[in-house]
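Heads up: the structure comes next, in C-alpha cells.
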Amino acid sequence: MDKSNGVTRRGFLTSVGVGVAAAAAGSRLEAGEQRVEVAEPGEMAKVALTVNGRRHRLLVEPRWSLLFVLRERLGLTGTKAGCERGECGACTVLVDGVSRYSCMTLALEAQDQEITTLEGLMRGEELGPVQQAFLEHDAYQCGYCTPGQIVAAEGLLRVEPDPSVDAIRHGMSGNLCRCGTYANIQKAVLRAAELRGGGPGGAR
Amino acid sequence: MTDDALYYVDAPLPETPEPSGEPRPWAKTEVVGTPRPRVDGYERLSGTAVYPSDLVLPGMLYGAILRCPHPHARVRSVDAAAAEALPGVVAVLTGASPEAKDVRWGYGGGVTTALFDPVCRHEGEAVAAVAAETPYQARDALAAIRVDYEVLPFVADERDALSAGAPKVHESGNRVGEPTAYQRGDVAAGFAAADVVVERSFRTACELHTPLELHGCVARWDGDRLTLWESTQGVFSVQAGAARALGLPLAKVRVIGHYLGGGFGSKLQPGKYTVVAALLARKAARPVKLFLSREETFLCSGNRPPSNVTVKIGAKKDGTLTAIELTGLGTGGAYPAGGTSLLDWLARDLYTCSNVRTETTDVFINAGPARPMRAPGHPQGAWALEQTMDDLAERLGMSPVDLRLGNVPRVSQTRGGQPFTTTGLAECIREGAKAFGWEEALHGDRSREPARESGEGSVRRGVGMAACLWIGGAGGPPSTVLVKLFADGSVNLNMGASDIGTGTKSVMAMVVAEELGVDPDAIQIENADTATTQFATPSGGSKTVPTESPTVRRAALAVKDELFRLAAEQLGVPKRDLELRDGALVSKRDPTKTVPVTGLEGLRRQGVLVGVGYRGPNPEGKVINPFGAQFCEVEVDTRTGEVRILRFVAAHDSGRVLNRMTFDNQVFGGITMGIGLGATEQRILDRGQTGKMVNANWHDYKLPTMLDVPPVMTSVPIDRPDPEANVTGAKGLGEPVTIPTAAAFANAVYHATGVRVTDSPIDPPTLCRLLAERSKEGATP
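Chains as they are written, first to last, in this note's numbering: chain S, 1 to 204; chain W, 1 to 781.
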C-alpha cells in the first residue's frame with residue numbers, strides 16, 4: 001500500500017475540516033506526525049481514539065468520520081450531526097484543543113490526538129463553565145446546534161481567554177443556529193470567559 | 001384557510017370536555033413572568049438529552065432513500081439486484097416490492113400517490129430505499145440501484161407555470177384550483193376617493209426551513225406493534241399519519257418525540273421517510289434509523305413558498321386608507337401545499353380600511369412540496385404590504401409610524417367586524433419607536449459617523465420599521481393535561497405537547513409552580529409520547545402556550561382544590577378559608593390552623609393526587625391575535641452593496657409574558673430568521689436548463705450567521721395579560737416575531753439608499769446592480 005497517498009488525502013481533509021473558529025484563531029493544521037496504516041475502503045482498520053481522556057480501541061472502516069464513530073459507535077451523542085459536510089458546526093469537537101468539524105475528520109486521522117467532546121466539558125455531573133454560561137443566558141432553543149456552539153466557544157476561549165465581542169462574532173461564525181440565538185450566544189461566551197477565569201493562562 | 005387549519009393535523013381532532021368553573025386571572029404572580037433558565041437546560045447543555053437522531057438501538061440498521069435526480073420523470077424500471085448483493089445490505093424496497101407497492105401516500109388537497117410512485121414530479125422524490133448495517137453501506141447500496149428514467153419536460157418557476165405550452169405538472173394542468181378571492185367594500189370607489197395611490201410589485205424567494213436536526217426517525221417493531229422515535233413537532237400527528245399509511249390501529253403505533261432539533265413548521269406532519277423507515281424495519285425484522293441527508297432536506301421536507309405580490313393602496317392626505325388591493329401568485333410545489341396560503345391576510349386585517357380586494361393564484365411547479373413555515377404567508381405579505389405602506393408614508397409626507405398609528409384596527413374586518421380581545425398594535429408601534437429613538441434616528445444625519453471605515457461618503461445609514469399581526473396565536477381546544485402531586489410533595493406534569501425549543505416545558509412548569517408553590521426545576525415533566533400522554537395538537541402556529549398553559553393551570557388548580565378539600569377535612573375549616581403558602585395549607589382567618597402538604601393524612605393515604613385540566617373554548621364572537629412592530633437601523637456601503645444591520649428593536653404584544661427570558665429569546669430568533677428572508681436566503685432552481693436546485697446545501701444556501709445579525713437586539717414586551725383570551729392571559733409569540741423583520745429591513749435599506757428593493761433577498765450583488773442603475777439614471781443616492 002502506498003502510504004504517501006494516504007497522507008496527502010489526510011492533509012487535504014484536515015485543512016478543509018477545520019472550523020472557522022480555529023481558522024480565525026490561527027489554527028494548527030499540521031497536528032504532528034500521524035502513523036496510520038492506510039487501508040482500502042471496506043476493509044476494517046484498527047484505531048485507538050483518546051476521547052475525553054479515555055482510550056478506545058476499535059475497528060473502523062477508513063471512510064468512517066470521527067462524527068460517526070463518536071455518535072454511533074461510542075455513544076457520545078452530545079456531538080450532533082447537522083450536515084455531514086462541514087457547513088454547520090453542530091459536530092464541533094476539540095482535537096488537541098483546537099475546534100474541528102468531526103464530520104470532516106476521519107476517525108483514522110484522529111488517532112493519537114486528544115479528542116474532547118461536549119461530554120468532556122462537564123465537571124463530573126455538573127455543567128462546565130461554558131455550559132453554565134449558556135444556561136444563564138438562555139443561549140439555545142432547540143439545543144441541537146448547542147453542543148457544537150459550546151465546544152467552539154471552549155476552543156475559542158482556549159486561544160483567546162478574554163475575547164472582544166468582535167472576536168466572538170468572528171470566532172463563532174462557523175456554527176449555524178437556525179433558532180437564531182446568536183444574540184444570547186454572544187453574551188454567553190462573554191460570560192463563559194468570566195467563569196473560566198479569563199485572562200492569559202485562565203482555567204482550562 | 002381557517003384558524004382551525006392551523007392545527008395541521010390531518011385527522012379529526014378529538015373533543016375535550018369543557019372545564020368547569022372559571023378561575024380568576026392572576027392578580028400578581030410570583031414565578032410566572034420572571035426571567036428563568038429552562039427547566040431542561042441541563043439535559044440540552046450536558047448532552048444527556050436523547051434526540052431521536054441520537055438513538056442507537058441494539059441490532060439497529062441504517063436506512064436511506066434513493067431520490068429522483070430529475071425535476072420531472074417517469075420511472076420505467078428499477079434494478080436493485082446489485083444493491084441487494086452488497087455487503088451489509090439487509091433490506092431493499094422499490095415500488096415493485098410487495099411490502100411497499102400497495103402503500104399510499106397522501107399529499108395535501110386529498111391527492112394520493114403510491115409511496116414510490118412511478119411519476120416523480122420533483123427532484124428528490126422517493127424512488128427506492130435500503131437498510132444496511134452502516135449508513136455508509138446504505139449509501140453504497142443506493143449508488144448501486146439502477147433506475148431507468150424517462151425524463152419529462154418540467155416547469156421550475158411559478159411565473160412560467162401558466163404560460164401557454166408550459167409542461168404540465170399534473171394531467172389536469174398547473175392550476176391548483178380557482179384563484180382565491182376576497183372582497184369587502186368597493187375598491188374602485190376607494191381608489192377614486194384617494195388623494196394618493198401607490199402600487200408596486202414584489203417577490204420573495206423560496207425559503208427553506210433547514211432545522212439543525214435532520215428529518216427522520218428510528219422505527220422498531222415488537223411483533224405487530226410499531227414504535228417510532230421521530231424528530232417531530234407533534235407526536236400525535238405522526239401517529240395518525242403513520243397508522244393511516246400502514247393500515248394500523250392507533251393503539252399499535254407509539255410515537256415518542258421528547259426532544260427535537262428544530263422544525264419551524266417542517267416537522268408538523270410525518271414524512272414519507274417515517275413510513276419508509278417502518279417498512280424497512282418490518283422487512284429487515286430489525287430497528288431502522290432513517291434520517292435524511294442535509295441535501296435531501298433542501299429538496300423534500302418543505303419550504304416557505306416563493307411569492308409574487310402586487311399591492312395597491314389608496315389614502316387620503318391625512319393618511320386614512322381608502323382602498324387596498326392585493327394580487328398574488330405562488331406555488332406550493334408539485335402537490336397542493338398552500339402555495340399562496342395567508343399571503344393576503346395582512347392586507348385584509350392589519351389596517352383599518354373599508355375597501356379591500358385580494359386575489360391569489362396557486363400553481364404547481366416541478367419542485368418539492370411546501371410545508372407550513374413559521375407564520376405561513378405573513379412575512380411574504382408583510383414584505384409587500386409594509387414596503388408599500390412605507391412608500392405611501394413618503395408620498396404623503398408622513399412618518400411611517402404616524403401613518404400606521406392612524407390606521408390601527410379595533411376589530412377584525414375580515415371576520416365580519418368581530419372585535420379583537422386586545423389590540424396592542426398601537427402600543428407596539430409607540431413603545432417600540434420610543435425604545436428605538438425613532439424620531440431622532442429618522443431625521444438624524446445619515447452619512448455622519450459610519451460605524452466602520454469606508455470610502456468617503458459611500459456609507460449611508462437608514463432606519464425602517466414594519467408592523468404585523470398573526471392570524472393565529474389564540475390556541476384553543478383540544479388539550480388534556482395531568483398534574484400529579486405525590487405524598488412527598490413532589491410534582492409531575494404530564495402533557496402531550498412537544499417543546500420545539502420555544503421553552504414550552506419551562507413555561508408550563510412555571511404555571512404549575514405558580515399554583516402549587518413548588519420549585520419549577522423540581523417538577524418532573526413527561527411529554528410528547530403517544531403512549532403515556534394525552535392528545536395534543538402539534539406545537540406550531542404560535543398556539544402552544546395559549547393552548548397548553550391554560551390547560552396546565554386548570555390541572556394544577558384541580559390538584560390545589562383537592563389539597564384544600566383534604567386540608568379542610570383535617571383542620572376543620574371551610575375550604576374557601578384556606579390558602580397555599582410555602583408548602584403548607586393555612587387558614588386565612590386563623591393562621592395557627594395550618595398543615596404542610598406533606599402532613600395531609602388524606603394525601604398520605606392516597607399516595608398521589610391527580611389533577612386533570614382541559615382546554616376551555618375561546619370566547620365567542622371575538623378574535624385573539626398577537627401584534628407587533630419592529631424597527632431596524634442599517635448601514636449600506638453604496639460602493640459594494642454590503643448592508644450591515646446595526647440594531648433591531650422589536651415590540652410585541654403577545655398578552656402576558658410567562659417567562660421573560662424565553663420570550664426575549666423567541667423575539668431575537670424571529671428577527672434572525674426574518675433577516676434570513678430579507679438578506680441572505682433563497683432557493684435557486686435552474687429554471688432554464690435542468691430544473692434542479694443548484695444550492696441544496698448550507699454553503700450555497702446562506703443562513704444568517706452570528707456575523708449577519710446585529711450585535712444589538714432589543715425586545716420590548718408589551719406585557720398586558722389578555723384576560724378574555726384564556727386563563728393565563730397569554731397569546732402566541734413564535735410566529736409574529738418573524739413577520740415584520742424583512743420588511744423593516746427593506747424599508748431601512750430604502751431609507752439609506754433611496755433604492756426600493758422589491759425582490760428578496762437584498763444581497764450585495766442585487767443592491768449593487770440597483771444602485772448602479774439608479775446612478776445611471778442620474779440620481780445620487
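Glycine residues also receive a C-beta, built at the ideal position from the N, C-alpha and C atoms.
C-beta neighbour in chain S for residue i, strict 8 Å
{"i": "R448/W", "result": "A caution first: R448/W carries a pLDDT of 46, below 50, which makes its placement in the model unreliable, though a value can still be read off. Chain S, which has no Cβ nearer than 8 Å to the Cβ of R448/W, makes this no."}
{"i": "S77/W", "result": "no"}
{"i": "G732/W", "result": "no"}
{"i": "W221/W", "result": "no"}
{"i": "G21/W", "result": "no"}
{"i": "F116/W", "result": "no"}
{"i": "L707/W", "result": "yes"}
{"i": "D54/W", "result": "yes"}
{"i": "V597/W", "result": "no"}
{"i": "Y273/W", "result": "no"}
{"i": "L45/W", "result": "yes"}
{"i": "F486/W", "result": "no"}
{"i": "P25/W", "result": "no"}
Backbone CA spacing between residue i and residue j [nearest angstrom]
{"i": "Q132/S", "j": "G148/S", "result": "15 Å"}
{"i": "T134/W", "j": "Y62/W", "result": "6 Å"}
{"i": "T34/W", "j": "S506/W", "result": "12 Å"}
{"i": "T690/W", "j": "R67/W", "result": "16 Å"}
{"i": "G472/W", "j": "S542/W", "result": "7 Å"}
{"i": "D391/W", "j": "G406/W", "result": "16 Å"}
{"i": "T322/W", "j": "E439/W", "result": "27 Å"}
{"i": "S490/W", "j": "V518/W", "result": "8 Å"}
{"i": "E84/S", "j": "S293/W", "result": "8 Å"}
Presumed contact (8 Å Cβ cut-off) between residue i and residue j, rounded CB distance
{"i": "A96/W", "j": "V78/W", "result": "7 Å"}
{"i": "D529/W", "j": "V218/W", "result": "Going by Cβ atoms, the distance from D529/W to V218/W rounds to 14 Å, so no, they are not a contact pair."}
{"i": "A441/W", "j": "V463/W", "result": "5 Å"}
{"i": "F154/W", "j": "H72/W", "result": "4 Å"}
{"i": "T714/W", "j": "G670/W", "result": "That pair is no contact at about 13 Å."}
Under the three-state DSSP convention, the category residue i falls into
{"i": "E119/S", "result": "helix"}
{"i": "S293/W", "result": "coil"}
{"i": "I324/W", "result": "strand"}
{"i": "K187/S", "result": "helix"}
{"i": "Q413/W", "result": "helix"}
{"i": "F116/W", "result": "coil"}
{"i": "Q788/W", "result": "Lying before the first or after the last residue shown, residue 788/W is absent from chain W, which here runs from 1 to 781."}
{"i": "H378/W", "result": "helix"}
{"i": "R581/W", "result": "strand"}
{"i": "W221/W", "result": "strand"}
{"i": "S775/W", "result": "helix"}
8 Å Cβ cutoff, residue i in contact with chain W
{"i": "R63/S", "result": "yes"}
{"i": "G53/S", "result": "no"}
{"i": "S173/S", "result": "yes"}
{"i": "L195/S", "result": "no"}
{"i": "H170/S", "result": "yes"}
{"i": "L127/S", "result": "yes"}
{"i": "E136/S", "result": "yes"}
{"i": "T92/S", "result": "no"}
{"i": "T146/S", "result": "yes"}
{"i": "L118/S", "result": "yes"}
{"i": "Y101/S", "result": "no"}
{"i": "V165/S", "result": "yes"}
{"i": "R57/S", "result": "no"}
Legend entry - 3-residue-minimum beta strand (DSSP E) runs that sit fully inside the segment 625-670 of chain W, ordered along the chain: Secondary structure within the segment 625-670 of chain W: the beta strand (DSSP E) runs of 3 or more consecutive residues, fully enclosed, are 627-637 and 642-653 (chain order).
Legend entry - Runs of alpha helix (DSSP H) wholly within the segment 43-102 of chain W (minimum 4 residues, chain order): Fully enclosed alpha helix (DSSP H) runs of 4 or longer: 81-84.
Inset, instruction - Starting from the N-terminal side, write out each stretch of the alpha helix (DSSP H) that is 4 residues or longer and does not extend beyond the segment 235-323 of chain W. - result: Whole alpha helix (DSSP H) segments, 4+ residues: 235-246, 272-284 and 294-300.
Inset, instruction - Would you list, in sequence order, the uninterrupted beta strand (DSSP E) runs of no fewer than 3 residues that lie entirely inside the segment 698-736 of chain W? - result: 712-717, all fully within the segment 698-736 of chain W.
Legend entry - In chain order, each alpha helix (DSSP H) run of at least 4 residues that lies wholly inside the segment 532-578 of chain W: Contiguous alpha helix (DSSP H) elements confined to the segment 532-578 of chain W occur at 544-571, taking only those with 4 or more residues.
Legend entry - Runs of beta strand (DSSP E) wholly within the segment 459-497 of chain W (minimum 3 residues, chain order): Here the runs fully enclosed are 459-469, 480-486 and 491-495.
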